[in-house]
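All remarks here apply to the structure that follows.
Number of protein chains: 2
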Amino acid sequence: MYREFVDINEALKFLKESIDLKRVTVIIAPCTVEYYGRGSSSLSLGERVILIKQDGALLIHRPTGYQPVNWQPATSSIEVKSGRGVIEITAVRNDPREVLVAKLSPPIKVLSCKLIDSAGFTKYLDESEVRDIILEHPEVLEDGLRIVEKEKVVGGLSVDLFGYDKNGNPVLIEVKRVRADREAVLQLFKYVEEYKKSSGVKPRGILVAPERSRGALELLKELGLEFKKVDLRKLWRLKAEEVEGGSRSILEFSRK
Amino acid sequence: MYREFVDINEALKFLKESIDLKRVTVIIAPCTVEYYGRGSSSLSLGERVILIKQDGALLIHRPTGYQPVNWQPATSSIEVKSGRGVIEITAVRNDPREVLVAKLSPPIKVLSCKLIDSAGFTKYLDESEVRDIILEHPEVLEDGLRIVEKEKVVGGLSVDLFGYDKNGNPVLIEVKRVRADREAVLQLFKYVEEYKKSSGVKPRGILVAPERSRGALELLKELGLEFKKVDLRKLWRLKAEEVEGGSRSILEFSRK
DNA sequence: TATTATATCTCGGGT
DNA sequence: ACCCGAGGTATAATA
């Protein structure tokens, strides 16, 4: 249902109903926005897209860019009122306490729909999938490597993969599916330290990723850690062979 | 301008025009979405909001939640075509190479507007602001602390604040405006290590934040680092006194 | 261009 | 409720 308003009170009535009935509400109107909570911001008058979702999530988008300029997550409660020639939308969230106030002026365009969407969303190639492929194919890292546990808890933290090399040394493995940077190295270092502390034995630490930054390389050296480059496409092909026709999408991707 | 389409070709014509003229285009329609690039995903049929912005940013939102289920940043080029009873929107981005294909079926609702928004956006209380207040008021951390540099470069990294304590020991300070976790401690640790390496002297490392996680506390102890809790409101009040009426918004916030 | 660090990050999973 | 880690993170600053 689409409506366009110049009259504030008519707009108010329609917006209230749309939000109360938990419809997806898309508004295009000139507005100002104030926010305070974890941070604080002020946005002066301009035309924006305001998207209010069925669970109360609210996003305010300027005409460009990926990110909303202001927003409130789904936990917030939304109130609409009118006064002084504007519509005031107040979205409040507790824990953390955050308040967002948008003041809309005419012309106010509103598109309001109940959306039906229970479809499945499948994501391939996330980190856990890469990890599981390595778990099944430790030979891609090195010969004789035996992986005995995934998400092994070491000092309250969980290491992606844990096992022993051909000489029986414990090995901690941190897997990244994107270029590994200093942060990734530090994460591995933390696991190695925890393991050393709790077992008394210094393990090998291997960072596994398709690439690494220059800084990561230096830090690896400094901290006595190792790096093993993996080709994600090859890993996916290994997996695709396993499922053998079970997942055409993965096969398709691996050809790209 | 709002239109609703059952006929594919009419919808195609309108959408093409809207996107070519670089209007903000809001579409509500049943659709499927395929994506591959850094990752890969598949979303089956359901009703969604598709937002195409004036710079080519594209977001596909399901009826709930803050995040878009699929998207393409502003760097992408967008093509629209029709066939087999659907409208196909293809958004391609290079570097990294990523492809998103959305297939829309009727009824297709489209709201198309050129938005004018050159307004200023002001953000208060970001990390750099907190850092600068501490720079001006080192006494909030400890007596006799002398801060001599901000964003000091140590081994290619830049430390938030650098100075000397009353005994002349070098001090590296990492500032967080949210609860500090293990990541923050590791970041500070990295600076301390770099400083030690390049100067041969072990500096004190102080993590400054309004709160810290339990894990952060443990890691601080292990790595021989310190923590100093700060009250953000007090800091802002210090700043507000300085500017003395210059920024009412900050004062307002500090009362909240 | 590559790297680093921030974000009102959000979100999910675990304890 | 807290904590941790992933994300197709995006985005800005910096070298």
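Protein chains in written order, with this note's numbering: chain F, 18 to 273; chain V, 18 to 273. Cβ atoms here follow ideal geometry from the backbone N, Cα and C, with glycine treated the same way.
For residue 83/F, no beta strand (DSSP E) encloses it, and the DSSP letter there is neither H nor E. The distance from the Cβ of residue 25/F to that of residue 126/F is about 14 Å, inconsistent with a contact at the 8 Å cut-off. At least one C-beta of chain V is nearer than 8 Å to the C-beta of residue 64/F. Within 10 angstroms of the beta-carbon of residue 42/V lie 16 or more other beta-carbons, which makes it buried. Here residue 96/F is exposed. Its C-beta has fewer than 16 other C-beta atoms within 10 Å.
Contact between residue 115/F and residue 65/F is absent: CB atoms are separated by about 19 Å, not below the 8 Å threshold. Flagged as an interface residue toward chain F: residue 72/V, by a C-beta distance shorter than 8 Å.
Annotation for residue 232/F: the continuous alpha helix (DSSP H) segment containing it runs 231-240.
In summary, residue 215/V is exposed, with fewer than 16 beta-carbon neighbours lying within 10 Å of its beta-carbon over all protein chains present. Your pair residue 203/F and residue 207/V checks out as a contact, with CB atoms roughly 6 Å apart and the cut at 8 Å. Against residue 133/V, the close residues of chain F are 47, 63, 64, 80, in the order they occur along the chain (beta-carbon pairs closer than 9 Å). For the C-beta of residue 139/V, the chain F residues within less than 7 Å are, from N- to C-terminus, 58, 59. Closest option to residue 243/F, judged by alpha-carbon separation, among 252/F, 48/F, 229/F, 256/F: 229/F. The stretch 112-195 of chain F is shown to contain whole beta strand (DSSP E) runs of 3 or more residues at 115-121, 125-130, 138-141, 163-171, 174-181, 187-192, in chain order.
For the pair residue 231/F and residue 91/V, the Cα-to-Cα distance works out to about 28 Å. Using a Cβ-Cβ cut-off of 8 Å, residue 83/V counts as an interface residue toward chain F, since at least one Cβ of chain F sits closer than that to its own.
No Cβ-Cβ contact shorter than 8 Å links residue 108/F with residue 83/V.
In this chain, residue 55/F is not harboured by any alpha helix (DSSP H), its DSSP state being neither H nor E.
Contact of residue 19/V with chain F is assigned, a C-beta pair being separated by under 8 Å. The residue from 211/F, 198/F, 252/F with its alpha-carbon nearest to that of residue 237/F is 198/F. Not a single C-beta of chain F is nearer than 8 Å to the C-beta of residue 218/V. In this structure, 135/V is the residue among 31/V, 135/V, 121/V with its C-alpha nearest to the C-alpha of residue 63/F. Any Cβ of chain V closer than 8 Å to the Cβ of residue 143/F would place that residue at the interface, and such an atom is present.
Here residue 35/F is buried: its Cβ has 16 or more other Cβ atoms, across all protein chains shown, within 10 Å. At a beta-carbon threshold of 8 Å, the residues of chain F lying near residue 199/V are 207, ordered along the chain. One thing to note: residue 139/V has its Cβ no nearer than 8 Å to the Cβ of residue 99/F. What residue 43/F touches in chain V, judged by beta-carbon distance under 8 Å, is 43, 45, 66, 128, going in chain order. Taking each of 70/V, 102/V, 113/V, 149/V in turn and checking the Cα distance to residue 120/V, the smallest one comes out for 102/V. Residue 99/V carries a strand assignment under DSSP once its states are collapsed to helix, strand and coil.
Pairing residue 51/V with residue 122/V, the inter-Cα distance amounts to about 15 Å.
Residue 235/V and residue 161/V have their C-alpha atoms roughly 27 Å apart. Going by beta carbons, residue 205/F and residue 178/F fall outside the 8 Å limit. In the structure shown, residue 228/V adopts coil according to DSSP, grouped into three states. Excluding its 5 nearest sequence neighbours in each direction, residue 129/V has C-beta neighbours in its own chain below 6 Å: 18, 35, 40, 42, listed in chain order. CA-CA distance, residue 176/V to residue 137/V, rounds to 30 Å.
Short of 7 Å from the beta carbon of residue 23/V, and not among the five residues preceding or following it, lie these beta carbons of its own chain, in chain order: 123, 124.
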